[in-house]
Each structure stands twice: as structure tokens, then as C-alpha cells.
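Letter by letter, the sequence shown follows residues -7 to 569 in the working numbering. C-beta atoms are modelled at their ideal positions from N, C-alpha and C, and glycine is treated no differently. Since the structure is predicted, the reported quantities are computational estimates derived from the model, not experimental observations. To start, the structure itself, in C-alpha cells.
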Amino acid sequence: MRFLIATVCICRVSVAHSASPLDRPDRTPVQTASGTEGIVVSNCDIASQIGADVLAEGGNAVDAAIATGFAMAVTWPEAGNIGGGGFMMVAPPERDVVCIEYRETAPASVKPNSLASWTNRRHERMVGVPGTVAGFWLAHQKYGKLPWKRLVEPAAQIAAEGIVVDDYLAWSLNIYLSQQDLQTDKRYAEFRRVYGPPEKQFWEAGDQLVQPDLGRTLSLIAEQGPTAFYEGAIADQIIDQMQRGDGWITKEDLKKYRAKHRPAIHAKLKGYDYYGAPLPSSGGTTVLMELRMLAALGLKKDEQYFWSADQVHLITEVMRRAFRERAAHLGDADFADINKSVWSVDYARQLATSINQKRATPSAEIVGDIVISTEPYESPQTTHFSVIDKDGMGVSNTYTLEASFGSCIVVKDAGFLLNNEMGDFNPVPGRTDTSGRIGTNPNLMAPGKRMLSSQSPVIIKQDGQVKLLVGSPGGRTIINTVMEILVQTLFFERSLAEAVDGPRFHHQWFPDVLRLERDDSLPDDLKSALQQRGHTVSQRNESRQGSAHSIEVDLRTGVATGVADWRRGGAAVRVEK
Ligand code: DON
């Protein structure tokens, strides 16, 4: 029982302490771990260690990903979950990369405009039918080696025994528990009961968070598998919650939920094999559109700066165009007719030729046949983790509750949060506006349909072997975070650690604003140089984009290096020889 010892001993790698409980922890270097026996890198050291223990015990990368995923539901309730959904890219040795897709679905009673005038994002009505338990089960059925119970039990145990709260979880809980609706509204009484600090106003790093209800829920899943969640005692608790809170999910919706085993989006790119998440994530296709445009434009490394003004200009123009195509064409391919040529090489070349190398194209000039309303919206939380085992099997997994802590609805006496993923459907049919709201047809709500996602877990192979596992949270910024890391590593041959550490930027067509992180590695005049090219630039001090816990493999030596992003805490843990 190795995990017993491991979990009890773990204390988070310390990061600089902040002055106030509501101040975000400071910037730290990326943390790395290298080895040949397996690596797990996630948002939380406890979860990474639980995955690494599974690898050490002879489990493969999928086993470790499942164990890490369940553990994150305990250690990172912001986004780790059993009440949400996501995308698990799996690279089994010698076989095609596949996606275990466990995106949430719309309840059977919805219509395209059911949420058109709905504003409360923290409500049972915003909840999609959760996919995580079914997704992890499907991944286990297809690829797992160790018994299911062995993979879920460590999470059940740390929930019941308690975890040591780290700086980021303390900060994040404090921020949420300080918000007025979460402090007073009876809809969130269970949130306060489960996540409130013990007998004081604020959480501090080092405090214990004990989640006995979640421990029981996870034990049921360990014993009974997904039946407990979709048809059994946990399903009953979810339905009771829906009835109390006026939500839409029924017993039948839960029973009908299925995770899917889908082929990855595959493309050859600069001698590498790119594998991205398929629809209903727009991630795999939109990252590919961007990379193909950049390849067509011949983007080159700048020796002086991490990003030069010329590069940021060009990449922004690429982002703008890719996000316009995303809005126009992408949705759940099981429901909408999708024009696959939009991520073809030819189409990327055609889009790239419309880019002016010196001037920004106003987004309003490339709306095409999308009607834009002139009315003025977005929010974040998701988490990504990567796993590689000693045989080179890789897993790149992004999953989410949508916003931080999802809907903030904790299923009464079950101890877990429900997502608010219904907000990823286009809310108002026909209403696309300059604030970033989209109203095009492919992503309108329909019974059983999956909402379009931006989650972009990617696997890059070279000569048939896993070279990179990359992904991030961040809503629509995910696509650009992942693309920027791939550009750094594949186009510029920078190390993964440099690529994850370095500054990021984001443009998503609308709003027509380029958002830049601040960083010493950027030219001092970057903002003004971009403004001169016609961009509207926002560069806020505190702006941080994503949290990209990734792995690269040196294919000459077989040594894998896990890189934990600094932006939201994280830990890369290796299996010792
Ligand atoms: O699936 C999606 O695209 C969104 N629900 C992801 C939300 C997200 O990444 C927020 N994270 N920081």
C-alpha cells in the first residue's frame, strides 16, 4: 500500500507567501522533474504523487492519469472534478493516438434559446450532464492495467483523511468565499459548509481540508464504478439537487450519458505528427489552423527576444482569423454538419495570404457572413495534466468544471461540485457581438448535444514516439497558450521549460483586443510597437494566461522532463528507478 505512505508524507513545494489572504501567490520558476521511469505533472503535488505511485506499482500512463484525475477532484476543487468533463488524449505505444472524449451533454429538455436570457452562471440550470466518471471508466476499460479500485481509492482516502491546503488553493478559496453571493445565498450553503475554513475567516497554506462526503462518494465509485454515479446512489443525490435547485438534468439524462472513443485530429507538421482533441473541442482543429497558417507564413525565431513585435503581430493576425473560423464553423459534429476543409493546409494558406505583415486587420473587417450585434461578456477554470510511463505511453488530459468551482453548486451530502458548462453553448441564436459572444448555428443548444470546448490537450510524436504532451486551462486562451508552446518548441527548438515559463498573449477575434502578459524577456516598447501596427493592446500587471503542465521527451536518450507551470502552482513528480 505504497500510496498510503506517500499521501500522508506529502507537503507542497512551497512558493513565496503573499501578504494578504486575498493576494495571489508570487511568480516562481517553473518546476521540472526528469527521468526514464515515468513522470506525472499536474496542478497539485499530492495528485502528481498519487499518479507517480501508480506508475511505480506497474500501472501505465492511463492508470496514472485516472488516479491523478480523481485525486485532483479532491486537491483542486477549482477544476479537478467528478462533476464536470473533458478530453483525454492517449498515445498507446505502437498504436494510433485516440481521444477519450467525456464532454458534458445538454439535458433532454433544452431548446436552442433555453438560456438566452439567463444570467446566473452559478445555478443548477447551467449544469451539463457530467462526463468525467464515464470518461475515466472508458479509458480504463480500453487501456487500463491496474484494477479500477486501486486507481480511485487514493482519492477517496485523501478526501476522508484530509489534505494540506497549499498557497494556491488557500488563495482561490479565499477569493471565492469573500464574494457576496457565496457568503449569503442559501443556494451556496453547501459550498460554504464543504469549503469554508475551519473556525476562521480565511484559509492559510498548511491548513487541513477534510472532505468526508466526497470520500464516501469516491469510495462508492471505487466499489461500483460509473453505475453508482449515473444510476445509483450518487445519481439520486444529483437528481435531488436538481429538484431542489430547479435544474434540468433528469435520471434519464444521467443514465443515457456516454463517453466516446474518438480518433484524434492528426496532421503532419514540420516533420512531426500532431494529434489534437477532436470536436466537440475546437482545440485540436483551431490550434492546427493556427500552426498551419504560421508554417505558411514562415514564422522564424527571434534571437533577441522571447517574442518580437513582428512575431506578436503576425501571430495575432493568425489568432484573429482562426477564431473567426472557429465561431463560424465549429460545434458538436454528432449534431452539426461540419465543413472539415476549414482546418486543411489549403485553407490555412488562403487565410494566411490575407494577412498584412505591417498592419492589424480590424476584426470587424473579417466577419464574413456572420451578423454582428453591437451589444456588449467570460470567465475561467480548467486544469491540465500530463503523464508518461516507462514504455513511452503518454496521456495529455484537460478537464474542467468551466468556471472556477463550476456552478459553485455542491451536491448535498455528496461533497462534489457540479459544472456550469451549459455556458459554453452559444447562448442566443443569431447573436454574435463584439464582446466575444457567439450566436452561430453549429454550437446552439440541443438535447444530448455536447457544447463546443476550447480544451486543447495535444500529443506530438516524432518517428512514432511521444515527444510532447501539452495542454492548459484558460477558456478560449487555451488554444493560443498551447499553440505558443508548440511554436516555441517545434518551430524555434526552445526547451519545453523555456516555452512554458515564457510570456503569453491572446487574441480571439472579438473582442478585438490583444492581451499580453508582462515579462522582462519582451521588448520594452512591445506595447507601443503593436499599437503602431493598429492593435488595441491590454497589458495588465496581474494578467496570467493558462497553467500548462506539460512533458517533453528527449528521443535520443529516452529521458522525459515534466514541466510544472508557475502560474497557478503545480508539481512534476518522477518515478524513481
Ligand atoms: O471547455 C471549455 O472550453 C471551457 N469550459 C474551459 C473553461 C476554462 O478553461 C476556464 N479555465 N481557466
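Taking the Cβ of Gly467 as the reference point, at least one heavy atom of the ligand DON falls within a distance shorter than 8 Å. A straight line joining the alpha-carbon of Phe298 with that of Pro495 spans about 8 Å. Looking at the backbone, the Cα of Gln175 and that of Arg184 are separated by about 7 Å.
Two segments are said to touch when three or more pairs of C-beta atoms, one from each, lie closer than 8 Å; by this definition the region 414 to 433 does not touch the region 123 to 132. Here Thr549 is exposed, its C-beta having fewer than 16 other C-beta atoms within 10 Å. By a beta-carbon distance limit of 8 Å, Thr67 does not contact Ala98. Their separation comes to about 29 Å. Approximately 36 Å separates the beta-carbon atoms of Gly415 and Ala25; this is outside 8 Å, ruling out the contact. If you draw a straight line from the Cα of Leu306 to the Cα of Lys459, it is about 27 Å long.
Looking at the DSSP output, Asn348 bridges to nothing.
Rounded to whole angstroms, the Cβ separation of Leu206 and Gly407 is 3 Å, and the two are in contact under 8 Å. Taking Gln203 as reference, the option from Pro421, Ala259, Gly466, Ala63 with the minimal CA-CA separation is Ala63. Three or more beta-carbon pairs separated by less than 8 Å link the region 431 to 442 to the region 89 to 108, which places the two stretches in contact. By the neighbour-count criterion, in which 16 or more other beta carbons inside 10 Å mark a residue as buried, Pro465 falls on the buried side. Under the rule that a run must span 4 or more residues, the alpha helix (DSSP H) segments found entirely inside the region 242 to 268 read 243 to 248. Cβ neighbours of Ala320 within its own chain (closer than 7 Å, five residues either side excluded): Gly360, Ile362, Thr432. Less than 9 Å divides the Cβ of Phe397 from the Cβ of Tyr168.
When rounded, the separation of the alpha-carbon atoms in Gly43 and Ala214 is 16 Å.
By the Cβ neighbour-count rule, Ser542 is buried, with 16 or more other Cβ atoms within 10 Å of its own. The closest heavy atom of the ligand DON lies less than 8 Å from the beta carbon of Thr374. Here Glu476 is buried: its Cβ has 16 or more other Cβ atoms, across all protein chains shown, within 10 Å. In the same chain as Ile92, and ignoring 5 residues on each side of it, the C-beta atoms closer than 7 Å to its own belong to Met80, Val82, Gly127, Leu130, Ala131, Ala251, His253, in chain order. Approximately 4 Å separates the beta-carbon atoms of Glu96 and Gly77; this is inside 8 Å, confirming the contact.
Short of 6 Å from the beta carbon of Glu490, and not among the five residues preceding or following it, lies no beta carbon of its own chain. The three-state secondary structure of Arg560, taken from DSSP, is coil. Between Ala301 and Arg525, the gap from beta carbon to beta carbon is short of 9 Å. When secondary structure is reduced to three states using DSSP, Gly51 falls in the coil class, being assigned neither helix nor strand. If you look at Leu322, you'll find it isn't in any beta strand (DSSP E); DSSP assigns it neither H nor E. The distance from the Cβ of Ser448 to that of Gly275 is about 3 Å, consistent with a contact at the 8 Å cut-off. Scanning the region 91 to 132 from its first residue to its last, no whole beta strand (DSSP E) run of 3-plus residues comes out.
Ile430 sits in coil when the DSSP states are folded into three classes, being neither helix nor strand. Look at the region 499 to 545 and you find these whole runs of beta strand (DSSP E), each 3 residues long or longer: 506 to 508.
Rounded to the nearest angstrom, the Cβ distance from Val379 to Ala48 is 13 Å, too far for a contact under 8 Å.
Not one heavy atom of the ligand DON falls within 8 Å of the beta-carbon of Ile230. Taking Lys292 as reference, the option from Ala57, Phe483, Lys350, Asp381 with the minimal CA-CA separation is Phe483.
Within 8 Å of the C-beta of Ala71 there is at least one heavy atom belonging to the ligand DON. Closest in C-alpha terms to Ile230, from the list Ser446, Glu116, Leu508, comes Glu116.
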